[in-house]
Every structure is written in structure tokens, then in C-alpha cells.
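A.B. asks: A single structure is presented below for examination.
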Amino acid sequence: MAFNLLTKINQLSKREKNIVGMLLLIIASMPFFYMTVPSWNQYMDSTSKISQSKNKLFEIENQTRKLEKIKGENQKLSQKIDDQKLYLAKTYEIDFLVQDLKKICDESSISLDSFTPSDPEPMNIILEKQLQSDVSGGSKTIKLKQVLDKLKGQDLPVDLYRYPIEVRVTGNFTDILELFKKLEKYGRVISIDNISIGKTGTKQGFDSRISKAKSKKQGNEGELIGAFDLAAYTLPLREENISLNQLQKNTRNTAFSYTRKRAK
1170 MAFNLLTKIN
1180 QLSKREKNIV
1190 GMLLLIIASM
1200 PFFYMTVPSW
1210 NQYMDSTSKI
1220 SQSKNKLFEI
1230 ENQTRKLEKI
1240 KGENQKLSQK
1250 IDDQKLYLAK
1260 TYEIDFLVQD
1270 LKKICDESSI
1280 SLDSFTPSDP
1290 EPMNIILEKQ
1300 LQSDVSGGSK
1310 TIKLKQVLDK
1320 LKGQDLPVDL
1330 YRYPIEVRVT
1340 GNFTDILELF
1350 KKLEKYGRVI
1360 SIDNISIGKT
1370 GTKQGFDSRI
1380 SKAKSKKQGN
1390 EGELIGAFDL
1400 AAYTLPLREE
1410 NISLNQLQKN
1420 TRNTAFSYTR
1430 KRAK
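Residue 1170 is where the sequence shown starts when you use the working numbering, and the numbers rise one by one after that.
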């Protein structure tokens, strides 16, 4: 039978033989095709999954780099905050301000006549900065009212406590200026407001001065009285919130006077 088939194939033309050969090749390759199709599909699925995994890995690497960058920024910010805290007086250090001020007055040939601390005042820095920016643009009353209306009824966190101290000194004009220059370089965060300088009256009332500096001139010639409000700042001992109304009541003239010194 196989011989007869070969005989019939030999009787075919060349073109017919090519067609028969192609058909036989297709028939012979069909089992291989059916065997390889599932494997090919698996290969394509695996390739697709690998590509997706690479994309996810790339995204994870990007997120990791971003997190590392944020972590580094947070560490720098934390260090900066810790550094700034060093310039804030601690509660128990407030009493030493009078000693430091006395020493600075003595160095400046200034007599420290009075040092009168008041109750600490809570502060919210964000509100403080917002009020400063609004007031600096003019229309103080209107802008201040707009800010307070937005925050009406809200509780705000206490960021700092301000310790106001009224100071009165006596000395000549040059020495008083020298005093302010030295206070500007003071190691802790302080602010000075409401400075006034005027001529002295009689010597009466100055016998109980805290610090008696030696006058560079005989008598009271050229002697002036200087008065100013000095404020020190400290962090609250725990997290605290305070109402806006109470914050206003505890802040003199509803104006905040927070001044931060930059570490040099």
C-alpha cells in the first residue's frame, strides 16, 4: 500500500508534489504546535508578570528614595528644632534673667533701678505670624478683625509662654545704647519693646537701686532714665490648648511680640 502511494506521488507533477509536501509538513507539525501553544502562553504570561513586577519594584525604589529624603529632611528639621530650643529659657531659668541683666548693666555702667516680672502669657506662633503679616500691610484694625473673626470660637495650641518684665535703668545715653547692644547678643531668645528714654528728675527714689553703677561724670549731669519691656520665652511643660478669647485676654493690647533670634 505504501508502494502504491509512492507510485501515485511520483506520477504527480512538480507543483502537485510541492503542495502535497506542504500538506504533509503541516500535518506533521500540528502535534508539535498543539504541544507548544500552552507553553508559549505560559511564557507570555510569565513575561508580562515579570514586567509588572519590574514596574512595581521601580515604583517601590522611587518611594523608598523619597522616604529616605523625607527622613533626612525630618532629621535635619528635628535637629534644627532642638538647636532652637537651646535658645529658649527654661522655666527655672527665668529667675536668672535678673542676675544676667544686672551683670550686663554693670558692664555697661548702667544702674538697674527696677525689674518687675508679670504673669506668663501663652502664645500661638501661627496666629502671631498671621497678625504680623496683616498688620504690616496697613489697615491694622480691619485686618486684625478679619483674622480674629476667622478664628472665633476655636481652641489654639499654646506654642510658647512669654514672660514679660518691665525694666527701668539709669545712665547716660551712650551707656544705655551699649546696654541694648549687649542685650541683642544675649544667648537666650528675648524681645525688647516699648523703649523710652528721658531725663531724670531728682535723685530721690533711686536709693534702692538693684545695681548701682559708678557714674562717669560727677553728680547727675547727663544722666537719663531708660524704661523698656523685656520678654523671655519658654516652651510649655505639656501640650496645651487655649481659646482665642482667653489668648487675647492674656496678651497685652491683643498684639503679639514674639521675636526669634537666629543662631549665628
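Where is the CB? At the ideal position from N, CA and C, for every residue including glycine.
Using the Cβ count rule (16 or more neighbours within 10 Å means buried), how would you classify residue 1290?
C.D. replies: The residue is buried, with at least 16 neighbouring Cβ atoms inside 10 Å.
A.B. asks: So, does the segment 1346-1356 touch the segment 1408-1415, judging by three or more C-beta pairs under 8 Å?
C.D. replies: The answer is no - the segment 1408-1415 does not touch the segment 1346-1356, with fewer than three Cβ pairs under 8 Å.
A.B. asks: Looking at residue 1343: is its Cβ nearer than 8 Å to the Cβ of residue 1394?
C.D. replies: The answer is no: Cβ separation not under 8 Å.
A.B. asks: So, under 8 Å CB-CB, residue 1294 and residue 1328 are touching, yes? Tell me the CB distance rounded to an integer number of Å.
C.D. replies: Right, their Cβ atoms sit about 4 Å apart.
A.B. asks: DSSP three-state call for residue 1341: helix, strand or coil?
C.D. replies: Note: residue 1341 maps to coil in three-state DSSP.
A.B. asks: Any idea if residue 1234 is buried or exposed, counting beta-carbon neighbours within 10 angstroms, 16 or more meaning buried?
C.D. replies: Classification for residue 1234: exposed.
A.B. asks: Just verifying my parser: in three-state terms, what is the DSSP assignment at residue 1335?
C.D. replies: It is a strand residue.
A.B. asks: Decide if residue 1372 is buried, meaning its Cβ has at least 16 other Cβ atoms within 10 Å, or exposed.
C.D. replies: Interpretation of residue 1372 is limited by its pLDDT of 46, a score under 50 that renders its predicted location unreliable; the figure taken from the coordinates is listed afterwards. So residue 1372 counts as exposed.
A.B. asks: Per DSSP, which one or two residues make a beta bridge with residue 1233?
C.D. replies: Beta-bridge pairing links residue 1233 to no other residue.
A.B. asks: Got a sec, what are the start and stop residues for the beta strand (DSSP E) residue 1354 sits in?
C.D. replies: No beta strand (DSSP E) contains residue 1354, which DSSP labels as neither H nor E.
A.B. asks: Express the C-alpha separation of residue 1398 and residue 1361 in angstroms, rounding to a whole number.
C.D. replies: Taking the straight line from one Cα to the other gives about 6 Å.
A.B. asks: Using only CA atoms, which one of 1287, 1297, 1317 lies nearest to residue 1401?
C.D. replies: Considering only alpha carbons, the answer is 1287.
A.B. asks: How would you write the range of the beta strand (DSSP E) that residue 1320 sits in, first residue to last?
C.D. replies: Neither: residue 1320 is in no beta strand (DSSP E) and is coded neither H nor E.
A.B. asks: For residue 1278, which option in 1296, 1341, 1318, 1363 has the closest C-alpha, if you only look at C-alpha atoms?
C.D. replies: Nearest option by C-alpha distance: 1341.
A.B. asks: Tell me which residue opens and which closes the beta strand (DSSP E) that residue 1281 is part of.
C.D. replies: That run of the beta strand (DSSP E) goes 1280-1286.
A.B. asks: From the DSSP output, read off the bridge partner residues of residue 1222.
C.D. replies: Beta-bridge pairing links residue 1222 to no other residue.
A.B. asks: Going by DSSP in three states, residue 1275 sits in which element: helix, strand or coil?
C.D. replies: Helix at residue 1275.
A.B. asks: Tell me whether the beta-carbon of residue 1282 lies closer than 8 Å to the beta-carbon of residue 1337.
C.D. replies: The answer is yes: Cβ separation under 8 Å.
A.B. asks: Checking 8 Å against the spacing of the C-beta atoms, do residue 1403 and residue 1355 come in under that value?
C.D. replies: It is not a contact, given that the beta carbons lie outside the stated cut-off.
A.B. asks: Over the uninterrupted beta strand (DSSP E) stretch that includes residue 1363, give me the two end residues.
C.D. replies: Element bounds for residue 1363: 1359-1368.
A.B. asks: Which residue from 1391, 1416, 1232, 1246 puts its Cα closest to that of residue 1322?
C.D. replies: Selected option, being the one with the closest Cα: 1416.
A.B. asks: Quick one: Cα of residue 1224 to Cα of residue 1236, how far?
C.D. replies: About 18 Å.
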